[in-house]
Amino acid sequence: MHRHVTRSSLVARLIRVLITGLVAGLAVVLALGAPTSATSAQAADDDVRGVVFVGNNWEGTATLLDPRTFERVGKLDVIPDYDARMREIATNPYRLAYFLAIRELIGEGNDQFVDDMYSSNDGRLVVISRPSFGDVVAISLRTKKIVWRFAVDGVRSDHMAVSPDGKRVVVSASTGNVVHVLRVSDGKQVGKFASGGSPHESVFIDGGRKILHASIGMVYSPLDDPALDATKDDRVLQVVDARTFEILRRYNVRKALDARGLDDVSSAVRPLTLSPDEKQIYFQLSFFHGYVRLDRASGKITKVVRLPNLVRTTPRELYLLDSAHHGIAMNPRGTKLCVAGTMSDYATVVDARTDRRSPLLKGGLKPYWVTPSADGRYCYISWAGSDTVSRISYATERIVTTTRVGDHPQRVRNGFIRKGFLAGLGFAGASKPARTSGLTAWERPAR
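If you use mature numbering (1 follows the signal peptide of the UniProt record, and there is no 0), the sequence shown corresponds to residues -43 to -1, 1 to 404, in order.
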C-alpha cells in the first residue's frame, strides 16, 4: 500500500516541521547530556584483511561482513559524537531548519547518519559521509573514535569516491553545489570543484588522473511532472582533472537523450558504472526504468535498455527521490551488469552484449545500491526496505546469500581492516536514541 501524497501536502508538511522544530530546539539542547569526551595500497599486507562495509543510514552504524562467507563480523557506531552534533544543530536555527528538512524530505521521517564510506588501504580508518550532520569523519577501526572531521559547504554531505592509491577521498556537498577533495590521512582539503544542483556520484577514472562526476538536481522537489523538469535545478555530467580540479568536459546529456528520442526522459544521471576500458558509461536516470550507455568520446547515447516497470500506477511524486532504479554495476570482464530496480523491488543481471536479462530477483524491498565484490564474482545489493544485503552471482544470475544488517542499508563498499582490530571491534549500537518513527510505506524489516 502506498501513501497518498500531494504537492501541496508536502509543502504544508515541511512548513509545519520547520516551525515546530525551531520551537523545540531549546528543549533538545536541555535534554542532551554532557559532551563525550599516509595510506598506501596494502592489500597484500599479511596484517590486513578484506571486509565488506554496509552503511546503515537511519541507524548510524556500519556493518562489516566477511567477503568469503558473507557473515557479520563486526558493527561500528559511526556517530559517537551524536550529542555534540545535536547540541550544535539545536542552537543554530538555520542548521536546525535544514536538519529537519533533510529528515522529512529526504529521510522519510528519519535522520541520515551514513551515506557513504571507504576504508583506508592500510585498514586503520574508515571515512564516512554523514548527511544529516553535513560532514565527513574518519573513525579509527582500533579505538572506534573520530580521528578527524570535515564540515562540507552547505548543510548536507552525500556520495564519496576514493582515489586508486587510497590517499584522497572526494565528497559531494549536496546543498553547497561543490565537491570537496580531502586527504584521507588527516582530512585536510586539498581542492574542490564546482558541480550542478545536488552533487551526487563521483568515480575516479583513467588511472586516477580524472574524476567522472554527476549532479542530480532537486530530487526532493514534488514538481515531478515532465513539463516542470526545468525547475529541478542544473544537472551535470562532467569530467574533472584530479590534480588541478579543472572541469575538462561537460556532457550535454539532454541533447544526447533528445537525439535518441528520449525527450520526455529526465537528464538527471543517477548511479553509473563503466566498461573495463572506461570508454563507455552506463547510467540510470531519474524516473527511468532501465539504463542507457553513453560513449565517452562522442558524448552520444549508443544504447537504451528498458527494464520492467512493475509500478505503472504509482505517480511520479511517490518515487523515492525520483529513483525508478538506483544501483548498477558491471562485472570486471565487462560482460554483465547487475541492476537494482528500486521502485519495482527487484534486481536483475543483464547481458551487456545482447541485453538479455535474468529472471527478476525478488530478494527484498527497495534495492538501493549495487557494487561488485572485490574478486568480481558477485554483485552486492542493499535492500533498504528489508534491512538486508544480498550477494548475486554474475555467473548464475541468482541470489547466493542474504544477510541481515542494520536499519536502512544503502551504500555497500569493499574495504580493509587490520586483523588485530577486528576482534576488538565487536557489534556496537549507535549513540543516538532508539528509532521512534513508524515504518515507511516501503519498509518490511527482516526478522
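Cβ atoms here follow ideal geometry from the backbone N, Cα and C, with glycine treated the same way.
Since the model is a prediction, treat every value here as computed from it, not as a measurement.
Check: Buried or exposed (CB count within 10 angstroms, at least 16 for buried), Phe384; Outcome: exposed
Check: Beta-carbon proximity check, Gly17 vs Ala387, cutoff 8 Å; Outcome: yes
Check: Straight-line Cα distance separating Val327 from Leu229; Outcome: 10 Å
Check: In chain order, each beta strand (DSSP E) run of at least 3 residues that lies wholly inside the stretch 120 to 158; Outcome: 125 to 130, 135 to 140 and 146 to 151
Check: Euclidean distance between Cα positions of Val(-16) and Asp34; Outcome: Its pLDDT being 37, under 50, Val(-16) is placed unreliably in this model, and the value from its coordinates should be taken loosely. If you take the alpha carbons of Val(-16) and Asp34, they lie about 21 Å apart.
Check: CB-CB length for Asp4 against Gly377, believed under 8 Å; Outcome: 7 Å
Check: Cβ-based burial, Leu205 [other Cβ within 10 Å; buried from 16]; Outcome: exposed
Check: Asn209 to Leu194 span [Cα, whole Å]; Outcome: 8 Å
Check: Terminal residues of the beta strand (DSSP E) in which Tyr335 lies; Outcome: Tyr335 to Trp340
Check: Local conformation of Leu22 per DSSP, three classes; Outcome: strand
Check: Thr26 burial status per 10 Å Cβ neighbour count (16 or more: buried); Outcome: exposed
Check: Endpoints, the alpha helix (DSSP H) within which Asp234 is located; Outcome: Neither: Asp234 is in no alpha helix (DSSP H) and is coded neither H nor E.
Check: CA-to-CA distance, Ser97 to Leu21, given in whole angstroms; Outcome: 14 Å
Check: Status (buried if at least 16 other CB within 10 Å, exposed otherwise) for Gly320; Outcome: buried
Check: Pair within 8 Å by beta-carbon distance, Ser89 and Val83; Outcome: no
Check: Assumed close pair Val222, Leu242 - CB separation to whole angstroms, cut-off 8 Å; Outcome: 6 Å
Check: Meets three-Cβ-pair contact criterion under 8 Å: the stretch 348 to 360 and the stretch 393 to 402; Outcome: no
Check: Own chain residues within Cβ distance below 8 Å of Ala213, not counting five before or after; Outcome: Leu251, Gly256, Lys257 and Ile258
Check: Distance between Val93 and Phe107 (C-alpha atoms, nearest Å); Outcome: 5 Å
Check: Residue interval of the beta strand (DSSP E) (run including Phe10); Outcome: Val5 to Asn13
Check: Local conformation of Arg192 per DSSP, three classes; Outcome: coil
Check: Beta-carbon proximity of Ile59 to Arg113, cut-off 8 Å; Outcome: yes
Check: Sub-8 Å separation of Asn266 and Tyr351 beta-carbons; Outcome: no
Check: Closer than 7 Å: Lys167 CB and nearest the ligand ZN heavy atom; Outcome: The ligand content of the structure shown is nil, which means the ligand ZN is not present either.
Check: Pick from Ile46, Ala286 and Arg334 that is closest to Gln237, judged by C-alpha positions; Outcome: Ala286
Check: Inter-residue spacing [alpha-carbon to alpha-carbon] between Ala187 and Tyr248; Outcome: 22 Å
Check: Nearest residue (CA-CA) to Gly298, options Ile349, Leu317, Asp308 and Arg290; Outcome: Leu317
Check: Reference Asp220; option with closest CA among Ala184, Arg6 and Phe240; Outcome: Ala184
Check: Proximity of Phe373 and Gly144 at Cβ, strictly below 8 Å; Outcome: no
Check: For Val307, the three-state DSSP class (helix, strand or coil); Outcome: strand
Check: Proximity of Glu354 and Ser330 at Cβ, strictly below 8 Å; Outcome: no
Check: Classification of Gly91 by the beta-carbon crowding that lies within 10 angstroms, buried from 16 upward; Outcome: buried
Check: Cutoff 8 Å: His246 Cβ touching any chain B Cβ; Outcome: Protein chain content of the structure displayed is limited to a single chain, and chain B is not contained in it.
Check: Among Met74, Gln367, Thr305 and Lys389, the one whose alpha carbon lies nearest that of Ile349; Outcome: Thr305
Check: For Asp122 and Lys323, the rounded distance between their alpha carbons; Outcome: 33 Å
Check: Gly64 versus Lys293: straight-line alpha-carbon distance, rounded; Outcome: 32 Å
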